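**Q** Sharing a structure with you now.
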């Protein structure tokens, strides 16, 4: 197997996304949902205390009126109702925050392949191997370290606030609650900020790690484009686009955008286009035989496009590559040599390159 040095193609990234494989940090939504849950609890503390106080008073009144045996069934239903009323708003807000953060980090995604039945998922050996992967061990160590630092931060705040917390026992209820509220806010701010820093760092790491995992060999990229080229729908669509563009600009426009014109040298001429940052592989921009071949060479001279004399390559391109189709895979090496030669030119004058 060759070394994976090339960036993943859009097709590979799309296929991975369809399988649910994306750069995703579990710490990012966890950090924000932690902060959101604490914030909601503090913001709704009056609402929660009011409901808890009302429920407590009602409970004692029910027990005083009818006794414990008769009060329990009614209190059971009432307690479920109170739990539902007080928890649903909190859970709803926290869930929305989690969904929004996930959406912002990975975008819209519907990976149906994740739900497909796969017998390999029930293989105990494969599952055991997955649990002992290096990535799993790193995640475990990261979680232990994160919890340890969070506990240290909480301990630091508690140690600093301990004298005040002890004195608050003898203070009025309102004063005690304010002191405890200040203590809790300091804990939330410090731990929450720490979780956010860890989450952002983990998100950056996951993006880079995913990009490295998705890297491809040069052979894989060539094979992918070869398979795409063989797809009847893609090929038909490319021919349709080629006909429309060719009709609009003609051979002259194709040669103008070419990097080289390959000839054999008098009967055939093929204009080859390739932009490293835009195109997946070299492709044919224009081709002609006899009189049209002469015109293509004339256009090349007009636009200072290098003319390459290579009988075998010209014949192969003429027979196997239509206009706006990628060149055959087995011509990549020869064309790469030609393009390297063209890149070495430092003048606008006409050059001709002949095969040796």
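In our numbering, the protein residues as written are 319 to 674. All C-beta atoms, glycine included, are put in the ideal place defined by N, C-alpha and C. Bear in mind the structure is a predicted one, so any value in this text is a computation, not a measurement.
Which residue comes first and which comes last in the alpha helix (DSSP H) that contains residue 358?
**A** Position 40 of the chain shown holds residue 358. 345-361 is the span of the alpha helix (DSSP H), which, as asked, contains residue 358.
**Q** Using a threshold of 8 angstroms, state whether the C-beta atoms of residue 524 and residue 348 are closer than that.
**A** Here residue 524 refers to the residue found at position 206 when the chain shown is read from its first residue. Here residue 348 refers to the residue found at position 30 when the chain shown is read from its first residue. Their beta carbons are not under 8 angstroms apart, which means residue 524 does not touch residue 348 by this criterion.
**Q** So, at 6 angstroms on beta carbons, what are the nonlocal neighbours of residue 654 in its own chain, with the 5 sequence-adjacent residues on each side left out?
**A** If you number the chain shown from 1, residue 654 lands on position 336. Cβ within range, chain order: n/a, list empty.
**Q** Flag this pair as yes or no: are the beta carbons of residue 583 and residue 613 separated by less than 8 angstroms?
**A** For this step, residue 583 is matched to residue 265 along the chain shown. For this step, residue 613 is matched to residue 295 along the chain shown. For residue 583 and residue 613, no; Cβs fall outside 8 angstroms.
**Q** Can you grab the Cα-Cα spacing for the pair residue 477 / residue 338, in whole Å?
**A** Counting from one through the chain shown, the residue named residue 477 turns up at place 159. Counting from one through the chain shown, the residue named residue 338 turns up at place 20. If I take the Cα positions, the gap works out to 45 angstroms.
**Q** Assuming residue 620 and residue 586 make a contact with CB atoms under 8 angstroms, what is their CB distance in whole Å?
**A** For the purposes of this step, residue 620 is taken as residue 302 along the chain shown, with counting starting at 1. For the purposes of this step, residue 586 is taken as residue 268 along the chain shown, with counting starting at 1. No, residue 620 and residue 586 are not in contact; Cβ-Cβ is about 19 angstroms, not under 8 angstroms.
**Q** Do you know how far the Cα of residue 400 is from the Cα of residue 332?
**A** Counting from one through the chain shown, the residue named residue 332 turns up at place 14. Counting from one through the chain shown, the residue named residue 400 turns up at place 82. Annotation: residue 332 to residue 400 spans about 47 angstroms, alpha carbon to alpha carbon.
**Q** What's the call for residue 425, buried or exposed, on a 16-neighbour Cβ count within 10 Å?
**A** The sequence position of residue 425 within the chain shown is 107, counting from 1. The residue in question, residue 425, is exposed, as its Cβ has fewer than 16 Cβ neighbours within 10 Å.
**Q** So residue 618 and residue 573 are supposed to be a Cβ contact under 8 angstroms. How far apart are they, rounded?
**A** The residue you call residue 618 lines up with position 300 of the chain shown. The residue you call residue 573 lines up with position 255 of the chain shown. Indeed they touch by this definition, with Cβ atoms about 6 angstroms apart.
**Q** Where do the ends of the beta strand (DSSP E) carrying residue 627 lie?
**A** If you number the chain shown from 1, residue 627 lands on position 309. Unbroken beta strand (DSSP E) run through residue 627: 625-627.
**Q** Distance, Cα to Cα, residue 592 vs residue 624?
**A** On the chain shown, position 274 is the one that residue 592 refers to. On the chain shown, position 306 is the one that residue 624 refers to. Their backbone Cα atoms lie some 14 angstroms apart in a straight line.
**Q** Out of curiosity, what's the CA-to-CA distance linking residue 484 and residue 492?
**A** For the purposes of this step, residue 484 is taken as the residue at position 166 of the chain shown. For the purposes of this step, residue 492 is taken as the residue at position 174 of the chain shown. Using only the alpha carbons, I get a separation of about 15 angstroms.
**Q** Work out the CA separation of residue 455 and residue 462 for me, nearest whole Å.
**A** The residue given as residue 462 occupies position 144 in the chain shown. The residue given as residue 455 occupies position 137 in the chain shown. Whole-angstrom Cα-Cα distance: 11 angstroms.
**Q** What's the gap between the Cα of residue 325 and the Cα of residue 601?
**A** As a working mapping, residue 325 is identified with position 7 in the chain shown. As a working mapping, residue 601 is identified with position 283 in the chain shown. A straight line joining the alpha-carbon of residue 325 with that of residue 601 spans about 21 angstroms.
**Q** Whose C-beta lies closer than 8 angstroms to the C-beta of residue 504 among residues of the same chain, with five residues either side of it excluded?
**A** What you label residue 504 is simply residue 186 of the chain shown in a count that begins at 1. Close CB contacts of residue 504 within its chain, under the 8 angstroms cut and outside five residues either way in sequence, are with 475 and 479 (chain order).
**Q** Closest to residue 499 by C-alpha separation, out of 511, 590 and 486, would be which residue?
**A** Here residue 499 is taken as the residue at index 181 of the chain shown, counted from 1. Of the listed residues, the one whose Cα sits closest to residue 499 is 486.
**Q** At the level of alpha carbons, what is the spacing between residue 321 and residue 532?
**A** What you label residue 321 is simply residue 3 of the chain shown in a count that begins at 1. What you label residue 532 is simply residue 214 of the chain shown in a count that begins at 1. The alpha-carbon atoms of residue 321 and residue 532 are separated by roughly 12 angstroms.
**Q** May I ask you to report which of helix, strand or coil DSSP gives residue 323?
**A** Indexing the chain shown from 1 puts residue 323 at position 5. In this structure, residue 323 counts as coil in the three-state DSSP scheme.
**Q** Do residue 656 and residue 578 have their C-beta atoms closer together than 8 angstroms?
**A** As a working note, residue 656 is residue 338 in the chain shown. As a working note, residue 578 is residue 260 in the chain shown. The beta carbons of residue 656 and residue 578 sit closer together than 8 angstroms.
**Q** May I have a chain-ordered list of the beta strand (DSSP E) segments no shorter than 3 residues that lie completely inside the stretch 574-638?
**A** If you keep only unbroken beta strand (DSSP E) runs of at least 3 residues inside the stretch 574-638, you get 578-581, 586-591, 601-607 and 625-627.
**Q** Out of 581, 594 and 514, which one is the CA nearest neighbour of residue 661?
**A** Taking the chain shown and counting its residues from 1, one reaches residue 661 at position 343. Per the Cα distances, 594.
**Q** Alpha helix (DSSP H) containing residue 650: first to last residue?
**A** Counting from one through the chain shown, the residue named residue 650 turns up at place 332. Unbroken alpha helix (DSSP H) run through residue 650: 650-661.
**Q** So, at 6 angstroms on beta carbons, what are the nonlocal neighbours of residue 629 in its own chain, with the 5 sequence-adjacent residues on each side left out?
**A** As a first step, residue 629 must be located in the chain shown, where it is residue number 311. If we look at residue 629 and ignore the five residues flanking it on each side, its Cβ neighbours are 582.
**Q** Straight-line CA distance for residue 690 to residue 356?
**A** Nothing in the structure corresponds to residue 690, since the chain is present only between 319 and 674.
**Q** Who are the near neighbours of residue 636 in its chain, counting only those whose CB is closer than 7 angstroms to its CB and skipping five residues on each side?
**A** On the chain shown, residue 636 is found 318 positions in, with the first residue counted as 1. 586, 588 and 605, listed in sequence order.
**Q** By DSSP's criteria, residue 534 is part of a beta bridge. Which residues make up the other side?
**A** Position 216 of the chain shown, counting from 1, holds the residue named residue 534. The partner list for residue 534 (beta bridge, DSSP) reads 324.
**Q** Measure the C-alpha to C-alpha separation of residue 378 and residue 466 and round it to an integer number of angstroms.
**A** Position 60 of the chain shown, counting from 1, holds the residue named residue 378. Position 148 of the chain shown, counting from 1, holds the residue named residue 466. Approximately 42 angstroms between the Cα atoms of the pair.
**Q** On a CA-only basis, which of 460, 375, 411 and 345 is nearest residue 397? Give me that one, please.
**A** Within the chain shown, residue 397 is the residue found at index 79, counting from 1. Comparing Cα-Cα distances from residue 397 to each of 460, 375, 411 and 345, the minimum goes to 375.
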